[in-house]
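Order-wise, the sequence lines are chains V and E. Each step along the first sequence adds one to the number in numbering that gives the first Met the number 0, with nothing skipped, and position 138 is 137. Each step along the second sequence adds one to the number in numbering that gives the first Met the number 0, with nothing skipped, and position 229 is 228. The C-beta atom is built at its ideal place from N, Cα and C for all residues, glycine as well. This report refers to the structure that appears directly beneath it.
There are 2 protein chains.
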Amino acid sequence: MKKKYLDIYQELVLLIREGKLLAGERLPSEHELCSRYGTSRETIRKALNLLSQNGYIQKVRGKGSIVLDRNKIEFPVSGLTSFKELAEESGQQTNTRVVELYQIEPNQKVMELLQCPKDSYVWKIVRTREMDGEKVILDKDYIRGDIVERLTKTICEDSIYSFIEDDLGLAISFAKKEIVVEPVTEEDETHIDVETHDQVVVIRSFVYLEDTTLFQYTESRHRPDKFRFVDFARRSKGERFL
Amino acid sequence: MKKKYLDIYQELVLLIREGKLLAGERLPSEHELCSRYGTSRETIRKALNLLSQNGYIQKVRGKGSIVLDRNKIEFPVSGLTSFKELAEESGQQTNTRVVELYQIEPNQKVMELLQCPKDSYVWKIVRTREMDGEKVILDKDYIRGDIVERLTKTICEDSIYSFIEDDLGLAISFAKKEIVVEPVTEEDETHIDVETHDQVVVIRSFVYLEDTTLFQYTESRHRPDKFRFVDFARRSKGERFL
DNA sequence: TATTATAATTTGTATATACATGTAATGCAA
DNA sequence: TTGCATTACATGTATATACAAATTATAATA
Numbered sequence: 000m001k002k003k004y005l006d007i008y009q010e011l012v013l014l015i016r017e018g019k020l021l022a023g024e025r026l027p028s029e030h031e032l033c034s035r036y037g038t039s040r041e042t043i044r045k046a047l048n049l050l051s052q053n054g055y056i057q058k059v060r061g062k063g064s065i066v067l068d069r070n071k072i073e074f075p076v077s078g079l080t081s082f083k084e085l086a087e088e089s090g091q092q093t094n095t096r097v098v099e100l101y102q103i104e105p106n107q108k109v110m111e112l113l114q115c116p117k118d119s120y121v122w123k124i125v126r127t128r129e130m131d132g133e134k135v136i137l138d139k140d141y142i143r144g145d146i147v148e149r150l151t152k153t154i155c156e157d158s159i160y161s162f163i164e165d166d167l168g169l170a171i172s173f174a175k176k177e178i179v180v181e182p183v184t185e186e187d188e189t190h191i192d193v194e195t196h197d198q199v200v201v202i203r204s205f206v207y208l209e210d211t212t213l214f215q216y217t218e219s220r221h222r223p224d225k226f227r228f229v230d231f232a233r234r235s236k237g238e239r240f241l
Numbered sequence: 000m001k002k003k004y005l006d007i008y009q010e011l012v013l014l015i016r017e018g019k020l021l022a023g024e025r026l027p028s029e030h031e032l033c034s035r036y037g038t039s040r041e042t043i044r045k046a047l048n049l050l051s052q053n054g055y056i057q058k059v060r061g062k063g064s065i066v067l068d069r070n071k072i073e074f075p076v077s078g079l080t081s082f083k084e085l086a087e088e089s090g091q092q093t094n095t096r097v098v099e100l101y102q103i104e105p106n107q108k109v110m111e112l113l114q115c116p117k118d119s120y121v122w123k124i125v126r127t128r129e130m131d132g133e134k135v136i137l138d139k140d141y142i143r144g145d146i147v148e149r150l151t152k153t154i155c156e157d158s159i160y161s162f163i164e165d166d167l168g169l170a171i172s173f174a175k176k177e178i179v180v181e182p183v184t185e186e187d188e189t190h191i192d193v194e195t196h197d198q199v200v201v202i203r204s205f206v207y208l209e210d211t212t213l214f215q216y217t218e219s220r221h222r223p224d225k226f227r228f229v230d231f232a233r234r235s236k237g238e239r240f241l
């Protein structure tokens, strides 16, 4: 199917990112966009709502849609962007090294966490991430083997996400994340250049597919001085009354 | 105006939070909900999309809407929830102490940051947050004086947000946040029970009103062992192709 | 001129309809 | 019973219309 509203959204995103629509300016009115794209107003509104949710514009009733300044404070890393996608965006020199890659036995703590069938297995992947020659991130991934059957070192060095989505055709849908600070472990010291730091920032993620099956648990351990989390958040409509 | 979809959304949220709709179960179909609430399908879909965005349900094409398990991993703090709202939700014993509250001179670094008119002033509020008898958070707020003219110690001890929204009638719309880890400053040591910690988690927030004016800058400094950030994130539709 | 009232513009909400597409149930045939 | 095609049902997309509500522009009035 076409999905006009997605096309329009992406076209407008490009206009903003390329600076052809500047921050503070007003987008053409919905009516104007209708005739320009030859679509109905609801379709335009779907595109504009996406822009709004992702922090590109602010809609103001009676006035119009105002382009926001995305560059002032760098940008969202939120969502489910992977390390690789993120690195590419920021243009940093990065490197991924696969430390471990094997299937772990059933009946372990992680198996329960991932709600696996009893006879299946789980992939354990341990990777270090280098930025500017320093090992600053330790990623420990646990992926359900009954969902992802084949997994190679090369795939892990590239991007697991793009393999899962593009090659396997699985749709990653949402994740629950937790960010905390914890003392460094022996494992951290072995794989990360912790220097004098005695704590690391830990991001624990539970990643779900479209059919709500949990298929991955990830622990991403960052050296604190290299950690940065940027987020764009809207005050949600209904929640504030509860 | 009525805003039926908001009513329906909040009613369904209650059903889920009270356990009358259990995780894994399916919501009634959109068609069913239409006749039950006596509305059109688009209105139902607006309510369901809100549920989806806030992590209550997962919509699966051809099947229906599945209730997600919000309790397994505690819950979002994301968005713009304030310290007070958050504390009340988690049921923790908390206390807010106002350390400083005054108007700062123009032509300071913060004035530029807040893009103030030259002749106006800015409120500076410094507060400590106690949890279970320990001072673990230091909040430094800077608020534009030309937008919020009156501000008292009592208001700051309560909730600035509810004062701004409920009393002043201003609509807080969105925020850009950054989370980093930084060394403890003298100011931190003075106001926080840092104990042996030599670093703090810093959340810098830029808060905007509906008309896109930046009106507040906040630096929230947390003792690392008491810091926790929980987030629910959907893989956004358009972004992954860029 | 300055103020006020009115009209035009713009976004928000609600409804109705049509068709596409994915999933589940049904029934028929081998 | 099994396998396959059909049908029914569910959500996704697109269109059209109507009215509400906020803002801005215009016109009328003092």
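State buried or exposed for residue i, treating a residue as buried only when at least 16 other CB atoms are found within 10 Å of its CB.
i, result
"V/Q198", "buried"
"V/L11", "buried"
"V/G54", "buried"
"E/K225", "buried"
"V/D118", "exposed"
"V/T151", "exposed"
"V/K175", "buried"
"E/R40", "exposed"
"E/R220", "buried"
"V/R234", "buried"
"V/H30", "exposed"
"V/L13", "exposed"
"V/K45", "buried"
"E/L21", "exposed"
"V/D230", "buried"
"V/L241", "Because V/L241 sits at a pLDDT of 35, beneath the cut-off of 50, its placement in the model cannot be relied upon, and the point is left open."
Going by beta carbon distance, what residues of the same chain come within less than 8 Å of residue i, once the five residues before and after it are set aside?
i, result
"V/D192", "E133, K134, V135 and R222"
"V/V180", "Q198, V199, V200, V201 and P223"
Whose C-beta lies closer than 7 Å to the C-beta of residue i among residues of the same chain, with five residues either side of it excluded?
i, result
"V/E194", "none"
"E/R126", "T95, R96, V97, V98, D138 and C155"
"E/Y101", "K123"
"E/F205", "A174, K175, L213 and Y216"
"V/D68", "A22"
"V/L113", "V121, Y141, R143, L213 and Y216"
"E/S38", "Checking the sequence, you will find Thr at residue 38 of chain E rather than Ser. For E/T38, where only same-chain residues beyond five positions count, the Cβ hits under 7 Å are K3."
"E/E148", "none"
Write down the C-beta distance between residue i and residue j rounded to the nearest angstrom, noting that I regard them as a contact closer than 8 Å.
i, j, result
"V/Y8", "V/T42", "Actually they are not in contact, since the Cβ atoms of V/Y8 and V/T42 sit about 10 Å apart, beyond 8 Å."
"V/S28", "V/G61", "Contact doesn't hold; Cβ gap of about 11 Å is too wide."
"E/E218", "E/V201", "6 Å"
"E/R16", "E/I65", "Contact flag wrong, Cβ pair sits at about 16 Å."
"E/I178", "V/I178", "7 Å"
"V/Y120", "V/I103", "7 Å"
What residues in its chain sit with their C-beta under 6 Å from that of residue i, if we drop five residues either side in the sequence?
i, result
"E/W129", "First, the residue type needs correcting, since residue 129 of chain E is Glu and not Trp in the sequence shown. Correct list, in chain order: N94."
"E/Q92", "D131"
"V/Y36", "I7"
"V/L79", "Low confidence applies here, because V/L79 scores a pLDDT of 46, under 50, leaving its location unreliable and the question unanswered by this model."
"V/C33", "R40 and I43"
"V/L49", "Y8"
"E/F162", "I154"
"V/Y207", "S172, F173 and L213"
Nearer than 8 Å: is that true of the beta carbon of residue i relative to any heavy atom of the ligand MN?
i, result
"V/E10", "In the structure on display, the ligand MN does not appear, and there are no ligands present to speak of."
Quiz item: Below 8 Å, can you find three or more Cβ-Cβ pairs linking the region 137-149 of chain E to the region 109-118 of chain E?
Solution: yes
Quiz item: Taking a cut of 8 Å between CB atoms, which residues from the region 198-226 of chain E lie near chain V?
Solution: Q198, V200, F205, Y207, E209, D210, T211, P223, D224 and F226
Exercise. Could you tell me whether the region 54-64 of chain V touches the region 208-224 of chain E, using the rule of 3 or more Cβ pairs below 8 Å?
Key: Verdict: yes, contact present.
Quiz prompt | Proximal residues, the region 136-157 of chain E versus chain V, C-beta separation under 9 Å | solution = none
Quiz prompt | Residues within the region 161-174 of chain E neighbouring chain V, beta-carbon criterion of under 7 Å | solution = I171, S172, F173 and A174
Quiz item: Would you say the region 166-173 of chain V touches the region 181-190 of chain V, given that touching needs at least three Cβ pairs under 8 Å?
Solution: no
Quiz item: Going along the chain, which residues of the region 41-54 of chain E sit with their C-beta nearer than 8 Å to a C-beta in chain V?
Solution: Per Cβ criterion, the list reads L49, Q52, N53 and G54.
Quiz item: For the region 101-116 of chain V, which residues have a CB atom closer than 9 Å to at least one CB atom of chain E, in sequence order?
Solution: none
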